[in-house]
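Reviewing the structure listed below.
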Amino acid sequence: MRLARALAVRAINLLLVLFLVLFLVVIIIGATGTSDKILMSMVREEVSTYRQVISRTITDPEALNKAVETYRQELIKAYGLDRPWYTRIGDMLMRIIVLDLGTSKSLQTFSGSNKVIDLIMERLPNTVLLVTTATVLTFLIGLFVGVKLATAIGSKLDRALTYFSAISYALPTWWTGIIFILVFYFYLRIFPPGGMYSVPPPEGEFARFLDLLWHATLPIIVLVLATVGSSIYVTRTVVINIAQEDFVTVARAKGLSERIVRWRYIARVAAPPILTQLILGLAGSIGGAILTETVFGWPGMGLLFYQAITSGDEALILGLVYVFTLVYVVARFILEVLYVILDPRVRI
Amino acid sequence: MISSRKEAIQIFLSSTVSKLGIILLVVLLVFSIYALTAFPPDYGKLIWNNPKAWENYPKSAPPAWINMFAPFKHFEHKILTSSEPVVFKAPDGTTKMIYYFDLDYTADEFPTFLSMSVKGVKYWKSPPVIAVKLMQPNGKVIDIMSFAVSPPRSEEKPPYIRFSKEPLTLKIDSDTSVWRSISAFLKENYGLNLSPSKIGENPERFLFGSHEEGNFSTPMKGKYRFEVVATLYDDKDSIDKISLVLGGSVYGLLGTDVIGRDIAIGVLLGFPTSLFIGIVTSVIVTLIGGLLGIVGGYVGGKTDEVIQRISDVVYNLPLLPLTIFLIFLMGSSIWNIVLILIIFGWPGLTILTRSIALQLRESQFIEAAKAFGSSSRRIIFKHMLPQVTPFIVAQMIFYVPTFILLEAALSFLGLGDPSLPTWGQMLELGFRNGAIYMGLWWWIIPPGIMIVLTAFTFVLIALGMEPVVNPRLRRG
Numbered sequence: 005m006r007l008a009r010a011l012a013v014r015a016i017n018l019l020l021v022l023f024l025v026l027f028l029v030v031i032i033i034g035a036t037g038t039s040d041k042i043l044m045s046m047v048r049e050e051v052s053t054y055r056q057v058i059s060r061t062i063t064d065p066e067a068l069n070k071a072v073e074t075y076r077q078e079l080i081k082a083y084g085l086d087r088p089w090y091t092r093i094g095d096m097l098m099r100i101i102v103l104d105l106g107t108s109k110s111l112q113t114f115s116g117s118n119k120v121i122d123l124i125m126e127r128l129p130n131t132v133l134l135v136t137t138a139t140v141l142t143f144l145i146g147l148f149v150g151v152k153l154a155t156a157i158g159s160k161l162d163r164a165l166t167y168f169s170a171i172s173y174a175l176p177t178w179w180t181g182i183i184f185i186l187v188f189y190f191y192l193r194i195f196p197p198g199g200m201y202s203v204p205p206p207e208g209e210f211a212r213f214l215d216l217l218w219h220a221t222l223p224i225i226v227l228v229l230a231t232v233g234s235s236i237y238v239t240r241t242v243v244i245n246i247a248q249e250d251f252v253t254v255a256r257a258k259g260l261s262e263r264i265v266r267w268r269y270i271a272r273v274a275a276p277p278i279l280t281q282l283i284l285g286l287a288g289s290i291g292g293a294i295l296t297e298t299v300f301g302w303p304g305m306g307l308l309f310y311q312a313i314t315s316g317d318e319a320l321i322l323g324l325v326y327v328f329t330l331v332y333v334v335a336r337f338i339l340e341v342l343y344v345i346l347d348p349r350v351r352i
Numbered sequence: 011m012i013s014s015r016k017e018a019i020q021i022f023l024s025s026t027v028s029k030l031g032i033i034l035l036v037v038l039l040v041f042s043i044y045a046l047t048a049f050p051p052d053y054g055k056l057i058w059n060n061p062k063a064w065e066n067y068p069k070s071a072p073p074a075w076i077n078m079f080a081p082f083k084h085f086e087h088k089i090l091t092s093s094e095p096v097v098f099k100a101p102d103g104t105t106k107m108i109y110y111f112d113l114d115y116t117a118d119e120f121p122t123f124l125s126m127s128v129k130g131v132k133y134w135k136s137p138p139v140i141a142v143k144l145m146q147p148n149g150k151v152i153d154i155m156s157f158a159v160s161p162p163r164s165e166e167k168p169p170y171i172r173f174s175k176e177p178l179t180l181k182i183d184s185d186t187s188v189w190r191s192i193s194a195f196l197k198e199n200y201g202l203n204l205s206p207s208k209i210g211e212n213p214e215r216f217l218f219g220s221h222e223e224g225n226f227s228t229p230m231k232g233k234y235r236f237e238v239v240a241t242l243y244d245d246k247d248s249i250d251k252i253s254l255v256l257g258g259s260v261y262g263l264l265g266t267d268v269i270g271r272d273i274a275i276g277v278l279l280g281f282p283t284s285l286f287i288g289i290v291t292s293v294i295v296t297l298i299g300g301l302l303g304i305v306g307g308y309v310g311g312k313t314d315e316v317i318q319r320i321s322d323v324v325y326n327l328p329l330l331p332l333t334i335f336l337i338f339l340m341g342s343s344i345w346n347i348v349l350i351l352i353i354f355g356w357p358g359l360t361i362l363t364r365s366i367a368l369q370l371r372e373s374q375f376i377e378a379a380k381a382f383g384s385s386s387r388r389i390i391f392k393h394m395l396p397q398v399t400p401f402i403v404a405q406m407i408f409y410v411p412t413f414i415l416l417e418a419a420l421s422f423l424g425l426g427d428p429s430l431p432t433w434g435q436m437l438e439l440g441f442r443n444g445a446i447y448m449g450l451w452w453w454i455i456p457p458g459i460m461i462v463l464t465a466f467t468f469v470l471i472a473l474g475m476e477p478v479v480n481p482r483l484r485r486g
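This is the structure we're talking about:
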């Protein structure tokens, strides 16, 4: 029962976040006149399709123009463009919630659709693949190295890793990516400069998978490097605190081996707070993905975001902000569930 | 908890990490102050982002010091400015001003171009005549060219002023009269018959080439001297400045970018902007976040509930997408960037301070203060604030690199303040122009290292603060 309640509270909190973002975004684009621009371009789009359709039946140009103009006026009324923006807040919210995000004015999917939602859905899996792999790797490396370090405070390795984590925190993901391309592509020629598959992609499932792996290696290393420092450092701090608790001393006094003390007594207790750090770092990972994808030309939502900014595509930017928040909220929830499973205190 | 401020400072300074951090911070501040004093505030708008100002510079040239590591010596780009001219009066009543430009030629290649700029000419009667000569290391002299400043226009009244705003740039090497002079020089000295148009293919070869092998294919190394003689026909006539530019393939300390901008200047100008955004944002965020946290934690009840809810939600927003969105809509001035970073930055601190304030509220000395009848305000500022300060300060320092990196990331995505040169923007331009795929490392590495170094400095100081605020970490 408590489990369900705990999860429900978290779900509600996250939904609140989602709605707040949505609300803020709608108000901002309304007040700045951006929503007018987006809606007008939707109207133009529909009007031009309409003109093509009816031009087959109406041949007289004057009658055609008149019909198109009437249709345009109807659309403007239907979208509420004749009213002030704040009367449209409800409509806009509804439209975004059902993922009716309008059309992009500069980009298209492979199949030729310029609907924002199609564009995003085409890119979403690529981003999820990249970020999930990197996050899992960061968590595992952080836990393993952090626990080792915490039981050897002040050792040479510990000090070296303190500096490493500081540098890792100070390293901008995107710049590391650029340097990696310079070294591993330009000078050494052992990794591709970017993209997700070779052009043309190799034949066969397995060869394709290897090709994907080859292209994903650098971006994933870059994402892990950017976050692993703080992950190690947090684990170390948490573990140092736990290692000074009485139950650990007792375990050692009982003559248990250091391995068992380290992994069964300390790491188990340390896992939930470390996961918390991971949860808090998730927003950062999403930001990291935008930059890493841009640098490596990885065809995910982050690269799409960059393309939307550079071409000033308002509808696409709006859609991406919403979907990014949505993805973030969902990922948060998955991690929170994991947390509840790991931490017995929440379950009882 | 710490017993005294003195002890806290002692603990802080006892670690190598903090010492290194402080040293780096001093270095960063020195560079920032130098950048602010040596360059005018509108340098970014007027010169840095103005391609015309960089016309005389080589494009995408690596730093000059690569010559130390390569057997082949590149020609280093040179902008020669003369010392004070030697002035003497000729018997015919004219005044001669002679400018000397010395050049020590050590490179294995020829300059890519040769040009002269003349700034601020004022004359009263006849237009001044400017003649250029080159003395080679072997003692031979080439009369390169001579030209007269444009004559007075009809109805123009003396003094006649020329090139006062934009200097006149003479491309010496593409002037046919120069080719003819060189042709005549070669005939006279070496008995060579080369047509001027043949010389025009690469005049530098004949100006700086060695005749020894007969074909001028390698430079004649040694000391050259340009002599520019300006003949003035009135005592009041004057010339502000004459300079010569020899186009090279390497430049300065850090080379140039695709527009020809000196990367060393860009890197230097990045210091104040980066530190400003990092420190100012962090301080304001700390003030807002810390105060809300203490107030919420101490007062409790409805106030606390409201503060907690809002900070919780804002803390859980995906920062970068929203920041990008807002700056895209509001425009990317430095003030907008700081404002938006503040809007999203404060809640982390509120959550932390609140939890400390909650613990403190229950402690005995606060209860004692309450029993004495102290006001809430007095308790918050006199009793709680000093206890919370070390945590807040540690967090504040830890936020500086966060904001520095965020600004750099925004700049890299093309959302930086266009009137200020920043490291992120330099990298953005480099990235967009394919600097990595062409191996222009001098354009990509220095700005990035500066970002890392600046962020690293504050991370080190924050790490040094940690044992001060968390005694359990003090043992190691």
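If you read the protein sequences in the order shown, they are chains E and R.
The opening position of the first sequence corresponds to residue 5 in this note's numbering, with each subsequent residue numbered one higher.
The opening position of the second sequence corresponds to residue 11 in this note's numbering, with each subsequent residue numbered one higher.
For each residue, glycine too, the CB sits at the ideal point set by N, CA and C.
The count of Cβ pairs closer than 8 angstroms, one atom from the segment 302-313 of chain R and one from the segment 349-360 of chain R, reaches three, so the stretches are in contact. R:V295 sits away from R:I350, with the two beta carbons spaced by 8 angstroms or more. Pairing E:G306 with E:T38 gives a Cβ-Cβ distance that is not under 8 angstroms. Using a Cβ distance threshold of 8 angstroms, R:K132 and R:S248 count as a contacting pair.
In the structure shown, R:P206 falls within a helical segment according to DSSP collapsed to helix, strand and coil. Closer than 8 angstroms to the CB of R:N326 there is at least one CB belonging to chain E. When C-alpha distances from E:I183 are compared across E:P223, E:F114, E:K119 and E:V135, the shortest belongs to E:P223.
Scanning its chain for C-beta atoms nearer than 7 angstroms, with the 5 sequence neighbours on each side dropped, one finds around R:L370 the residues I376, M394 and Q397, in chain order. Assigned with DSSP and collapsed to three states, R:V255 falls in strand. For R:W58, same chain residues with a beta-carbon under 6 angstroms away, outside a window of 5 residues either side, are P431 in chain order.
In the DSSP assignment, R:R172 is bridged to R:V131.
Exposed is the label assigned to E:T253, since fewer than 16 other Cβ atoms lie within 10 Å of its Cβ. In chain order, I446 and Y447 make up the part of chain R whose C-beta sits under 9 angstroms from the C-beta of E:P197.
The secondary-structure analysis by DSSP pairs R:D114 across a beta bridge with R:K233. Burial of R:F85 is indicated by the presence of at least 16 other C-beta atoms within 10 angstroms of its C-beta.
For R:T91, the uninterrupted beta strand (DSSP E) segment begins and ends at K88 to T91. DSSP assignment within the segment 103-170 of chain E yields the following whole alpha helix (DSSP H) runs of 4 residues or more, N-terminal first: 120-154. Within a 10 Å sphere around the beta-carbon of E:Y90 sit fewer than 16 other beta-carbons, which makes this residue exposed.
About 45 angstroms separates the CB atoms of R:I344 and R:A240; that is not less than 8 angstroms, and the two are not in contact. Shown here, R:Y53 sits in a helix according to DSSP, grouped into three states. Taken through DSSP and simplified to helix, strand or coil, R:A71 comes out as coil.
Between the alpha carbons of E:T221 and E:W302 lies a distance of about 12 angstroms. R:T241 carries a strand assignment under DSSP once its states are collapsed to helix, strand and coil. Going by DSSP, R:V151 is part of the beta strand (DSSP E) stretching over V151 to A158. Using a Cβ-Cβ cut-off of 8 angstroms, R:G307 does not count as an interface residue toward chain E, since no Cβ of chain E sits closer than that to its own. DSSP places R:M448 in the coil class of the three-state scheme, outside both helix and strand. A Cβ-Cβ separation of about 6 angstroms places E:I313 in contact with R:G424 under the 8 angstroms criterion. For E:A82, the enclosing alpha helix (DSSP H) has its first and last residue at P65 to Y83.
Residue environment analysis places E:K119 among the buried positions, since at least 16 neighbouring C-beta atoms fall within 10 angstroms of its C-beta. Interface with chain R (8 angstroms Cβ-Cβ cutoff): E:A15 is excluded. Collapsing the DSSP output to three states places R:V309 in a helix. Ranked by Cα distance from E:P197, the first of E:L295, E:V187 and E:S289 is E:V187. Proximity of chain R to E:A170 at the Cβ level (cut-off 7 angstroms) is accounted for by F466, V469, L470 and L473, in chain order. Listed in chain order, the positions of the segment 262-290 of chain E with a beta carbon within less than 9 angstroms of a beta carbon of chain R are L284, L286, A287, G288 and I290.
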